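Asker:
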Amino acid sequence: AERKPPLFNMNAMSALYHIAQNDSPRLQSNEWSDSFRGFVDYCLQKIPQERPSSTDLLRHDFVRRERPPRVLIDLIQRTKDAVRELDNLQYRKMKKILFQETRNGPLNESQEEEEDSEHGSNVSRKMDSLGSNHSIPSMSVSTGSQSSSVSSMQEVLDESSPELVMMHSDESTINSTSSVVHKKVRDHVFIRDEVGHRDRRPEVRPTQSVQNQALHYRNRERFATIKSASLVTRQIHEHEQENELREQMSGYKRMRRQHQKQLIALENKLKAEMDEHRLKLQKEVETHANNSSIELEKLAKKQVAVMEKEAKAAAADEKKFQQQILAQQKKDLATFLESQKKQYKLCKEKIKEAEGEMNEDHSTPKKEKQERISKHKENLQHTQAEEEAQLLSQQRLYYDKNCRFFKRKTMIKRHEMEQQNIREELNKKRTQKEMEHAMLIRHDESTRELEYRQLHTLQKLRMDLIRLQHQTELENQLEYNKRRERELHRKHFMELRQQPKNLKAMEMQIKKQFQDTCKVQTKQYKALKNHQLEVTPKSEHKTILKSLKDEQTRKLAILAEQYEQSINEMMASQALRLDEAQEAECQALRLQLQQEMELLNAYQSKIKMQTEAQHERELQKLEQRVSLRRAHLEQKIEEELAALQKERSERIKFLLERQEREIETFDMESLRMGFGNLV
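Note that the UniProt record's numbering numbers the sequence shown so that position 370 is 370, with each residue one more than the last.
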């Protein structure tokens, strides 16, 4: 529960890169079964949507498998057998240590307090130096059947010297915490006899003196209000570092949010520009359509007016033509009548001459002479009347035929005007359609240019923001590297200053802890022995005493072994050169920082490549969209031109057929009227 989360002490940006790129955690050790390893992998899937629910986990094979009922009992028995092998070997060493303690006597209270405070500050500094390196994870190994006092002593040894951790990993539990000194006395109070616990016997309470001593230490450590200058300085420095990291991360997040806002603002601006452009083009298309309709209406009105004017002119010309024919015929008739009068006068003179001759001829009767003269006059008048009627008939026929011919000519002229009007209208429509198509092509080209320009602007801003982000990340990483190097240098300097004092303090702390543990354990065994003798029959006292004696021997042997091993390891570690460890830490730090920098560079290169690939896809998508839109536009233009040509052909064909029918009807009517071919 006291472990820090993974990547807790890592730089925030580096942690983000690790979390984003690393796979889900897995069980690396081979001591786990395949079924359990598969169950953990099933639970910790990387994609959240693929993770199972509690119902799915309850149906997993690992949860539903059959388990033997004696697993815990076998584990306890195996642990007991392993521990008892060392009991007799360590018991005598324990006795020697106790005898040495009896001769030297306990330490006084002031000396203990001084050593406790000195050791607490040293251990705290040691833990701070260890905790600053995030590459060292918290370790935890399970204990056997040892007591809490043994575990408490071992915690101090392991926290004081990192080299002891791996050598004692099979006997104790190591937690990453700096509160070891606070825990040591409390652990003495709650020592539990595991043999009695396994036998479900009542636990022996510690004596009143032990409780008072534990309460004294606990209150002293918990309510201390006066802090040393080094502790205050270290806390201020840590707080400043946290503020720097927090401010750096806040600035990075603020920059990312600002970049996102800039991209969104640019996208909205470009979208509004595109909407405005399309609205402008749509208005231009609508204006062109309205103007085309107005022009066609004007042309239709103009053609109707011209046709009406031509019809009126044709009617006037026809009337004038008729009047001209009538006037000419009237003139011809007058001339004809005048010639008839002259001819009549000549004939009359001839008749008079013939009458004179007849008067001279007395053989012919007078009555016969008058009859001849009257008959001759009647013939002359009849002939003149017939000639006049024939002339009038010819004039009437000529008048009707010429009027009919004039009407046919007027109709042909009207047909030509209709053909001219419909061709003019169709040509106007074609011109308007061509202008519309040219405008649509121009609109498509302007839209294409705007789309390419907007895409280039957006991609340029995105690349600029990514370059700025990568530059900021590199600067933050370099600053983080310098800070880590400064911290490591400061830590090594403090280690060099504190090395002799720390070694002495660790030795005294180990010895004092061991002595306190022995005293507390001895008192507890005495109290437990008295309690067991009181609650059991006298016949079992011998067995109980032997069992307690064996248990005490075993635990004292364990304590002796741990004490001797701790002193030897501490002395052995004293022989190691501190500069080698520091050089190894420097090398590890340089390697770690180099790996983080390489990881950052790789991540930035990956982001850059992904962005370039995205830009390439966007460009290809835009090119495909533009080409498809242009193809649709060209197809639409071809279809509209084909439809317009079809309409032109149909209308001209319909007009010519109608005009041809009108001419045929007119000619048939002329034939029925007896005028023959008027072409």
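Beta carbons: idealized from backbone N, C-alpha and C, even for Gly. Note that the structure is a prediction, hence the values are computed from the model and not measured.
Any contact between the stretch 335–351 and the stretch 369–385? By contact I mean 3 or more CB pairs, one from each, below 8 angstroms.
Answerer: Contact holds: three or more Cβ-Cβ distances are below 8 angstroms.
Asker: Please report the straight-line C-alpha distance between K302 and K331, rounded to a whole angstrom.
Answerer: In the sequence shown, counting from the first residue as 1, residue 302 sits at position 302. In the sequence shown, counting from the first residue as 1, residue 331 sits at position 331. Their Cα atoms are separated by approximately 42 angstroms.
Asker: Rounded to whole angstroms, how far is the Cβ of L622 from the Cβ of E451, which I believe are closer than 8 angstroms?
Answerer: Walking along the sequence shown from the start, residue 622 turns up at place 622. Walking along the sequence shown from the start, residue 451 turns up at place 451. About 6 angstroms separates the two Cβ atoms, so the contact holds.
Asker: Cβ of M439 within 8 angstroms of Cβ of H288?
Answerer: As a working note, residue 439 is residue 439 in the sequence shown. As a working note, residue 288 is residue 288 in the sequence shown. Closer than 8 angstroms, so yes.
Asker: When the Cα atoms are used, what is the spatial distance from R64 to V71?
Answerer: Your numbering for residue 64 matches position 64 in the sequence shown. Your numbering for residue 71 matches position 71 in the sequence shown. Approximately 17 angstroms, taken between the alpha carbons.
Asker: What residue ranges within the stretch 471–538 form continuous alpha helix (DSSP H) runs of no fewer than 4 residues, ordered along the chain?
Answerer: Whole alpha helix (DSSP H) segments, 4+ residues: zero.
Asker: How do the stretch 386–404 and the stretch 594–601 stand: do at least 3 beta-carbon pairs fall below 8 angstroms, yes or no?
Answerer: Output reads no: the stretch 594–601 does not touch the stretch 386–404.
Asker: Let's test the definition: count the other Cβ atoms within 10 Å of the Cβ of K546 and tell me whether it reaches 16, buried, or not, exposed.
Answerer: The residue labelled residue 546 in the question sits at position 546 within the sequence shown. Exposed.
Asker: Rounding to the nearest angstrom, what Cα-Cα distance links A12 and S250 in this structure?
Answerer: If you number the sequence shown from 1, residue 12 lands on position 12. If you number the sequence shown from 1, residue 250 lands on position 250. Each residue's alpha carbon lies about 10 angstroms from the other.
Asker: Touch check for the stretch 452–467 and the stretch 255–263: three-plus C-beta pairs under 8 angstroms?
Answerer: Output reads yes: the stretch 255–263 touches the stretch 452–467.
Asker: Could you pull out every residue in the same chain whose Cβ sits closer than 8 angstroms to the Cβ of Q645, ignoring the five residues on either side in sequence?
Answerer: Counting from 1 along the sequence shown, the entry for residue 645 is found at position 645. Once the five neighbours on either side are set aside, Q645 has no close Cβ partner at all.
Asker: Ordered along the chain, which non-local residues of its own chain (more than five positions away) have a Cβ less than 6 angstroms from that of residue 755?
Answerer: Not covered by the structure: residue 755. The range shown for the chain is 1 to 679.
Asker: Give me the Cα-Cα distance between L641 and R672, rounded to the nearest whole angstrom.
Answerer: By 1-based counting over the sequence shown, the position of residue 641 is 641. By 1-based counting over the sequence shown, the position of residue 672 is 672. Approximately 46 angstroms, taken between the alpha carbons.
Asker: What do you get for Q45, buried or exposed, if any count of 16 or more other CB atoms within 10 angstroms of its CB means buried?
Answerer: For this step, residue 45 is matched to residue 45 along the sequence shown. Burial call: exposed.
Asker: Quick one: what does DSSP say L27 is sitting in, helix, strand or coil?
Answerer: To locate residue 27, count along the sequence shown from 1; it is residue 27. Here L27 sits in coil by DSSP.
Asker: Taking Cβ to Cβ, would you say R404 is nearer than 8 angstroms to S670?
Answerer: On the sequence shown, residue 404 is found 404 positions in, with the first residue counted as 1. On the sequence shown, residue 670 is found 670 positions in, with the first residue counted as 1. Cβ atoms of R404 and S670: closer than 8 angstroms.
Asker: Using the Cα positions of I236 and A229, report the straight-line distance between them to the nearest angstrom.
Answerer: By 1-based counting over the sequence shown, the position of residue 236 is 236. By 1-based counting over the sequence shown, the position of residue 229 is 229. Between I236 and A229, the C-alpha separation is close to 10 angstroms.
Asker: Distance, Cα to Cα, K491 vs Q582?
Answerer: Numbered from its first residue, the sequence shown carries residue 491 at position 491. Numbered from its first residue, the sequence shown carries residue 582 at position 582. Taking the straight line from one Cα to the other gives about 9 angstroms.
Asker: Rounded C-beta distance between L578 and Q499? I'm assuming under 8 angstroms.
Answerer: Along the sequence shown, one-based indexing puts residue 578 at 578. Along the sequence shown, one-based indexing puts residue 499 at 499. The pair is a contact, with the Cβ atoms about 6 angstroms apart (cut-off 8 angstroms).
Asker: Taking the alpha helix (DSSP H) that K636 falls in, what are its first and last residues?
Answerer: Walking along the sequence shown from the start, residue 636 turns up at place 636. Taken as a continuous stretch (DSSP letters only), the alpha helix (DSSP H) holding K636 covers L578 to R672.
Asker: Taking Cβ to Cβ, would you say I510 is nearer than 8 angstroms to S566?
Answerer: Here residue 510 refers to the residue found at position 510 of the sequence shown. Here residue 566 refers to the residue found at position 566 of the sequence shown. Contact: yes.
Asker: So, helix, strand or coil for L7, using DSSP?
Answerer: As a working note, residue 7 is residue 7 in the sequence shown. Note: L7 maps to coil in three-state DSSP.
Asker: Relative to the C-alpha of L488, which residue among A584, L533 and N502 is closest?
Answerer: To locate residue 488, count along the sequence shown from 1; it is residue 488. Nearest C-alpha to L488: A584.
Asker: What span of residues does the alpha helix (DSSP H) with S54 cover, start to end?
Answerer: Here residue 54 refers to the residue found at position 54 when the sequence shown is read from its first residue. Looking at the DSSP string, the run of the alpha helix (DSSP H) that includes S54 is S54 to L58.
Asker: Going along the chain, which unbroken runs of the alpha helix (DSSP H) with 4 or more residues stay wholly within the stretch 35–82?
Answerer: Complete alpha helix (DSSP H) runs here, min 4: 54–58 and 61–64.
Asker: DSSP state of F675, grouped into three classes?
Answerer: Position 675 of the sequence shown, counted from the start, is the residue given in the question as residue 675. F675: coil per DSSP, three-state reduction.
Asker: So, does the CB of L545 fall closer than 8 angstroms to a CB anywhere in chain B?
Answerer: Here there is only one protein chain, and chain B is not present.
Asker: What do you get for V304, buried or exposed, if any count of 16 or more other CB atoms within 10 angstroms of its CB means buried?
Answerer: Taking the sequence shown and counting its residues from 1, one reaches residue 304 at position 304. Burial call: exposed.
Asker: Check T143 in the structure and name its three-state DSSP category.
Answerer: For the purposes of this step, residue 143 is taken as residue 143 along the sequence shown, with counting starting at 1. Caution applies to T143, whose pLDDT of 34 falls short of 50 and renders its modelled position unreliable; the value that the coordinates give is listed next. Looking at T143 - three-state DSSP - the assignment turns out to be coil, as it is neither helix nor strand.
Asker: Where does S446 fall in DSSP's three states?
Answerer: As a first step, residue 446 must be located in the sequence shown, where it is residue number 446. S446 falls in the helix class under three-state DSSP.
Asker: If you reduce the DSSP assignment to three classes, tell me which class K33 lands in.
Answerer: Here residue 33 refers to the residue found at position 33 of the sequence shown. Before going further, note that residue 33 is Ser rather than Lys in the sequence given. Here S33 sits in coil by DSSP.
Asker: Assuming L655 contacts I422 (C-beta within less than 8 angstroms), just tell me the rounded distance between them.
Answerer: Counted from its first residue, the sequence shown places residue 655 at position 655. Counted from its first residue, the sequence shown places residue 422 at position 422. Their Cβ separation, rounded to whole angstroms, is 6 angstroms, which keeps L655 and I422 in contact under 8 angstroms.
Asker: Do you know offhand how far I652's Cα is from M417's?
Answerer: As a position in the sequence shown, residue 652 is number 652, starting the count at 1. As a position in the sequence shown, residue 417 is number 417, starting the count at 1. Their backbone Cα atoms lie some 13 angstroms apart in a straight line.
Asker: Taking T522 as the reference, which of E551, R256 and E479 has the closest Cα?
Answerer: Indexing the sequence shown from 1 puts residue 522 at position 522. Among E551, R256 and E479, the Cα nearest to that of T522 is on E551.
Asker: Leaving out five residues on either side along the sequence, give the residues of the same chain with a beta carbon under 8 angstroms from the beta carbon of K504.
Answerer: Counting from one through the sequence shown, the residue named residue 504 turns up at place 504. Nothing meets the Cβ criterion.
Asker: May I have the straight-line CA-CA distance separating L266 from L458, to the nearest angstrom?
Answerer: Taking the first residue of the sequence shown as 1, we reach residue 266 at position 266. Taking the first residue of the sequence shown as 1, we reach residue 458 at position 458. Their Cα atoms are separated by approximately 7 angstroms.
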